[in-house]
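J.: First residue of the sequence shown: 288, per our numbering; consecutive thereafter. We put the CB at the ideal spot given by N, CA and C, even for glycine.
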Amino acid sequence: MRKTLALVGTVVNVFAPGIGSLIMGKFASGAIQLSLLLGVWLLKFISFGLLGGLLWPVTAVVWLWAVGGGVITYFSLPNHHKALRP
């Protein structure tokens, strides 16, 4: 079940970083990712240009962190169906 949640969380993180981390049970990472992205998006809407253009690397780093963390979590969990075979 945890492996399935990790896979679903990774796919969700591709489109909505932070939310997928929350699905995987990484509450601290998900909260930090969401707050960073919301802060960047608010600054983009407020500034309409200069700051919005300069803040895209922060968005990219958070996206990579969310997706990379999900992939690492998925591959670090054991395959229970293989472990039960004799």
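Buried or exposed: where does P304 fall if 16 or more other Cβ atoms within 10 Å of its Cβ makes it buried?
T.: One-based indexing of the sequence shown puts residue 304 at position 17. Buried is the call here.
J.: Helix, strand or coil for P304 per DSSP?
T.: In the sequence shown, the residue the question calls residue 304 occupies position 17. Three-state DSSP puts P304 in coil, outside helix and strand.
J.: Give the straight-line distance between the Cα atoms of F332 and M288, rounded to the nearest whole angstrom.
T.: Along the sequence shown, read from residue 1 onward, the residue named residue 332 stands at position 45. Along the sequence shown, read from residue 1 onward, the residue named residue 288 stands at position 1. Those two C-alpha atoms are separated by around 39 Å.
J.: Tell me which same chain residues have a C-beta within less than 7 Å of the C-beta of M311, skipping the five on either side of it?
T.: Residue numbering aside, residue 311 sits at position 24 when the sequence shown is read from its first letter. Hits under 7 Å: L292, A293, G296, G357 and T360.
J.: Kindly indicate which three-state DSSP category K313 falls into: helix, strand or coil?
T.: By one-based count along the sequence shown, residue 313 stands at place 26. In this structure, K313 counts as coil in the three-state DSSP scheme.
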